[in-house]
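Peer 1:
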Amino acid sequence: MRTVIFRTIAPSLAAIMLVFSVFVLLRGHNEPGGGFIGGLIAASAIAIYGIAAGVTEVRSAIRVPPLNIAGFGVVIAGFSGLLSLGEHVPYLSGLWAFIPFGNSEVAISTPMVFDIGVYLVVLGTVSAVALALEETEEDHHD
Amino acid sequence: MASDLDLSFTLVALAPFFAAFLAPFIFRFLKEYSSWALAIVPAAIFFFLASFIPAIVEQKLISAGFIWIGAFGIELNFFLDGLSLTFGLLISGIGTFIVLYSGAYLKGHPHQGRFFAFILMFMGSMLGLVMADNLIALFTFWELTSITSFLLIGFDHSREASRRAAIQALVVTGGGGLSLLAGFALLNLVTGHWNMIDMFQFGPALRESDFYLPILLFVLGGAFAKSAQFPLHFWLPNAMEAPTPVSAYLHSATMVKAGVYLLARMAPILGGTTLWGTILPIVGGITLLWGATFALKQTDLKQMLAQTTVASLGLMVMLIGIYNEAAIIGVVLYLLAHAFYKGAMFMISGGIDHSAGTRDITMLGGLMRKMPVTFVATILAAAGMAGLPLTIAFLAKEEMYGALLHADWMTLLAQPQDLLAVIVILVGNALMMAVGLAILFKVFLGPEKPTAEHAHENSFSFWIGPATLGVLAVLGGVMTDFINHNVVTPVASPIIFSDVEAHLHLGFDLIIKPAFILSLLTWVLGVLIYLAIGRIRVNLAAMVEAANISFDKIFDWLMFGLVRLSDAVTRLLHHGRLEIYLTLVFIMFAAVFFGPLFLMQVEWQPLQIPNLHFYEWSTIVIAIAGLFAVVAAQTRLQAIVSLGIQGFAVAILFLLFGAPDLSFTQFMVETLSVVILALVMTRLHLDQADNRVRADKLRDGSVALLGGVGVTALMLLVLQGTLDMRLTDLFAATSVAIAHGHNIVNVILVDYRGLDTLGEISVVMTAGIAILALIRIRTGGRQVGIGAPKAAKRGGGK
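In the order they appear, the protein sequences are chains F and V.
Each residue of the first sequence is one higher than the one before, counting from 694 in the working numbering.
Each residue of the second sequence is one higher than the one before, counting from 846 in the working numbering.
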């Protein structure tokens, strides 16, 4: 599978996919997209990079073990709901802040943080599984 | 109701838990002085509770608390009446001495901090239990006492015997707790209340309800397990594996009395029926005789005490079952007497063990001169145990005999069940007295045994508890007016649920009462049994040997059987053959879809060919072609990729029919599953070709068809009817207005049903961890770890 063309394109492709995944994640509240699909795109990017460049390369590139990313995702998703307790509304109630930004305004919200958590969980879990499967015997003994 | 009262009550129940949390740290700083610091907590609670005595004497009911889970009517609320106050004072008062005593007993033990934490947690649970008003709160504290006692009995966890005893106690009392929960749930069903105060008003109607029998049996099951009633008594003697302070605390004054407390508490609601008056005296009577008899067989001081505790609990259950005023006064007095003398006795036995190095009564003798203070304390406690005049136990015994004696002897003879009860109580008391005498005389009098050589009087912390309790056991019997006014009346009244006027007094006219003749008989019999104790012990031991069966063994068989059963079930269901797992899963899948079709007896409308565009038809054709490609595929990889064709075609259909979100996700899922399946293939070194024989193919094919047809049929059925659009409309109307999002799917996922999503992503991650573990196991050799392996990190550095 490691053809020259694929190996050359894969890093750029993975980079574009990662950026695109963030785009999909953030537009998700109003357009098709969201944390789950964004996470899947990001995980595919990592999987593709892994097939092209080898798992060792990917692991050193992302620095953090993928499952830690997933764990962090669960944590921030869970914590995003705690903020609502301060406002005396039930756990996980959406809180919104609209910050003026030029002519427009930027919406910051707890559901967005929650969605980022979903994104990280999907990204972390799927890429952890994909990378573990991509690892060949040689990767273990180098 | 003042809110600071609410707060202070809740604090009383929770303070021991805070103290428990701090105990290990306090121990780290204060070392052997930590027991003095920690004893402040129970002492403070004791004085706080004692401040309510005047109010309680005036028959006031003090209640306080917080709403816990309002939606279910569950509150964390407490109330004090005479009964709970007495228990609270015993728990905190004896608890103070126990904490001091533990400090001395466990001196130099490395895990003393942990021990204090456990015992304080237990104290808190017990205080909560006796003060709780709400049944759910009571149940929670009830189970907490089981759990903390498990920790305490198994404190010496490196020994197998204590581990076994701990598990046994947990299984029996925890199992009883479940029975109790069932009883409480039924009580709530019948009365509509969770608070006991409300239930008291409901008494007569409840006793006539159809649920009375199950409620009674469930509640009794819980109380009997906790209070070690026959045939669930066996865990209590085994629990003597615990350090002695634990035995003194849990098994004299507190935990085992929880069952007695519950029975007394429930008596106004459940008591007074023929059933109550039959079950309790019979079970209690058997327990009394059984425990008292087997106490004679023992030579270990703690075992003797444990068996007599079983007997005492039986006596109290019996008296609550008789449920007349004199019997309840007898219980109240006996409760106090037993807490005092048995607590003292346990602490004394620990002191003797500590000093002489053994608790075996045949190895001990002549300790009187070496341990004078302990000796005096033992005289007081043994006098209490024997129920000699001037002790509380004496008054208790007079009352309980009085409860059964009627106007004269002739009426007693005409009532065989009362006569039987009198005989049982008399024999039981005599047996317990013999045990008390044995402890006093064999250990302290007679020639000095070799063990006495090194014996010495223990430190203050060792004897202050037993001495105080011993003095109380006697003092209480003298100050009859005080006891009448401050204890008996306020405690007995809520049990009987009417005003009790106690009339205890000391005087020579007691002697002419028929009850006194029974007391005399008890003493004579007790002395006779004591004199024959050596022979009785040998005979009993021989009998037990000959019987070769015990409840302990039966418990072991049951536990062993349970383990075997779960093992068999696990093997049956979890055999490790993936083919069968998958077949079962898909058959169930099909059944779930077909079931409703058969059950609902649907009428099928003729299928209409939908009017679709050319490109929509082409996509469907591609999907079908993909399926044929899967079936026709020569190699497995081909099949996997072909499955992708079908998946993509369906994703396009989603797109065409206006579900871009779904389609988007479907594309990604299809891509990733093809990639992952292909990776798994290479990973597992599977053959390229599919090697199944024809029969296997037929079987798998039919299961697949069944599942597919089931899904299709259900989908068609759903489309036949009209869809309920209410939720869709609601979401469409509100998603922008209240959740600021146009993408309804996303709004539902992250906002409306955020908690579900939180659960789902946790499952996703857990599944990921499991998959990773499985993959790593296959590779073997390397350490299984989550996250990047070290090898990869080193590789990355190159």
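Backbone N, C-alpha and C define an ideal beta-carbon position, used for all residues, glycine too.
Since this is a predicted model, take the numbers as computed values, not measurements.
Pull the bridge partners of V:F961 from the DSSP assignment, please.
Peer 2: Answer by DSSP bridge pairing: none, since V:F961 is not bridged.
Peer 1: By the three-class DSSP mapping on this structure, what secondary structure does F:W789 have?
Peer 2: In this structure, F:W789 counts as strand in the three-state DSSP scheme.
Peer 1: Of the residues V:T1119, V:V1016 and V:L1249, which one's Cα is nearest the Cα of V:I1407?
Peer 2: In the sequence under discussion, the amino acid at residue 1407 of chain V is Leu, which differs from the Ile named in the question. Out of V:T1119, V:V1016 and V:L1249, V:V1016 has the C-alpha closest to the C-alpha of V:L1407.
Peer 1: Are any of the Cβ atoms in chain V nearer than 8 Å to that of F:A736?
Peer 2: With 8 Å as the cut-off, F:A736 counts as an interface residue toward chain V.
Peer 1: Is the CB-CB distance between V:G1291 and V:G1210 below 8 Å?
Peer 2: For V:G1291 and V:G1210, yes; Cβs fall inside 8 Å.
Peer 1: Can you confirm whether V:L1617, when its beta carbon is compared against all beta carbons of chain F, has any partner nearer than 8 Å?
Peer 2: Yes - at least one Cβ of chain F is within 8 Å of the one on V:L1617.
Peer 1: What residues from chain V crowd round F:T818, counting only those whose CB sits closer than 8 Å?
Peer 2: Those are V1609, M1610, A1612 and G1613, listed as they occur along chain V.
Peer 1: Flag this pair as yes or no: are the beta carbons of V:A1109 and V:V1176 separated by less than 8 Å?
Peer 2: Going by C-beta atoms, V:A1109 is nearer than 8 Å to V:V1176.
Peer 1: Compare the Cα-Cα distances from V:I898 to each of V:A1030, V:M1570 and V:G933 and report the closest residue.
Peer 2: Comparing Cα-Cα distances from V:I898 to each of V:A1030, V:M1570 and V:G933, the minimum goes to V:G933.
Peer 1: Just mark F:G764 as buried or exposed, buried being the case when its beta carbon has 16 or more other beta carbons within 10 Å.
Peer 2: Per the 10 Å Cβ criterion, buried.
Peer 1: Do you know whose CA, among V:L1023, V:L1025, V:L1026 and V:R1052, lies nearest V:T1036's CA?
Peer 2: Comparing Cα positions, the closest option is V:R1052.
Peer 1: List the residues of chain F that V:V1519 touches, going by C-beta distances under 7 Å, in chain order.
Peer 2: The premise fails here: V:V1519 is roughly 11 Å from chain F at the closest Cβ pair, so nothing lies under 7 Å.
Peer 1: Is V:V1592 close to chain F, meaning its C-beta is less than 8 Å from at least one C-beta of that chain?
Peer 2: Yes, contact with chain F.
Peer 1: Are the C-beta atoms of V:L1603 and some chain F residue less than 8 Å apart?
Peer 2: At least one chain F Cβ lies under 8 Å of V:L1603.
Peer 1: Using 8 Å as the limit for Cβ to Cβ distance, is V:T1325 near chain F?
Peer 2: V:T1325 does not count as touching chain F.
Peer 1: If we define contact as Cβ-Cβ less than 8 Å, is V:L1501 a contact residue for chain F?
Peer 2: For V:L1501, the answer is no, since every Cβ of chain F falls outside 8 Å of its Cβ.
Peer 1: Mind checking if F:H781 is an interface residue toward chain V, Cβ cutoff 8 Å exclusive?
Peer 2: With 8 Å as the cut-off, F:H781 does not count as an interface residue toward chain V.
Peer 1: According to DSSP, simplified to helix, strand and coil, what is V:N1331?
Peer 2: Helix.
Peer 1: Measuring only from the beta carbon, is V:I1193 closer than 7 Å to any heavy atom that is part of the ligand NAD?
Peer 2: The model depicted lacks the ligand NAD and carries no ligand whatsoever.
Peer 1: As a quick exercise: from V:A949, V:A1241, V:I1432 and V:Q1511, pick the residue whose alpha carbon is nearest that of V:D1545.
Peer 2: For V:D1545, the nearest C-alpha among the options comes from V:I1432.
Peer 1: Spatial neighbours of V:L1081 within its chain, please: CB distance less than 6 Å, with the 5 preceding and 5 following residues excluded, ordered by chain position.
Peer 2: So the list reads A1073, A1151 and V1155, once near-sequence residues are dropped.
Peer 1: By DSSP, does V:S799 sit in helix, in strand, or in coil?
Peer 2: Nothing about residue 799 of chain V can be read from this structure; chain V reaches only from 846 to 1643.
Peer 1: Would F:G771 count as contacting chain V if we go by Cβ distances under 8 Å?
Peer 2: Yes, contact with chain V.
Peer 1: Buried or exposed: which applies to V:V1333, given that a residue is buried once 16 or more other Cβ atoms fall within 10 Å of its Cβ?
Peer 2: Answer is buried; the Cβ neighbour count reaches 16.
Peer 1: By Cβ distance, which residues of its chain are closer than 8 Å to V:D851, with the 5 residues on each side in sequence left out?
Peer 2: Correct list, in chain order: A909, G910 and F911.
Peer 1: Using a Cβ-Cβ cut-off of 7 Å (strictly less than) and excluding sequence neighbours within five positions of V:A1275, which residues of its own chain qualify?
Peer 2: Excluding positions up to five away in sequence, the list reads T1367, L1370, G1371 and I1374.
Peer 1: Under 8 Å between the Cβ atoms of V:G1166 and V:G1122?
Peer 2: The answer is yes: Cβ separation under 8 Å.
Peer 1: Against chain F, which members of the stretch 1478-1512 of chain V pass a CB distance test of less than 7 Å?
Peer 2: Under the 7 Å Cβ criterion, the stretch 1478-1512 of chain V contributes P1505, D1506, F1509 and T1510.
Peer 1: With contact counted as at least three CB pairs below 8 Å, one residue from each stretch, are the stretch 1593-1607 of chain V and the stretch 783-800 of chain F in contact?
Peer 2: Segments in contact, yes.
Peer 1: Does the count of Cβ pairs from the stretch 950-963 of chain V and the stretch 1120-1136 of chain V closer than 8 Å reach three?
Peer 2: Verdict: no, contact absent.
Peer 1: Figure out for me which residue from V:G1613, V:R1621, V:I1620 and V:T1602 has the closest Cα to the Cα of F:G771.
Peer 2: With distances taken between Cα atoms, F:G771 lies closest to V:T1602.
Peer 1: What's the C-alpha gap between V:V1629 and V:E877?
Peer 2: In this prediction, V:V1629 scores a pLDDT of 41, lower than 50, which makes its location untrustworthy; no coordinate-derived value is stated.
Peer 1: Applying the criterion that 16 or more other CB atoms from any shown protein chain within 10 Å of the CB defines a buried residue, is V:Q1262 buried or exposed?
Peer 2: Label assigned to V:Q1262: exposed.
Peer 1: Can you tell me which of the three DSSP states V:I1631 falls into?
Peer 2: Note that V:I1631 scores 41 on pLDDT, short of 50, meaning its location in the model is unreliable; the coordinates nonetheless yield the value given after this. Reduced to three states, the DSSP call for V:I1631 is coil.
Peer 1: Rounded to the nearest angstrom, what separates V:K1294 and V:D1401 at their Cα positions?
Peer 2: Approximately 38 Å, taken between the alpha carbons.
Peer 1: Quick one: is V:H1530 near chain F, going by C-beta distance under 8 Å?
Peer 2: False, the Cβ-Cβ gap to chain F never drops below 8 Å.
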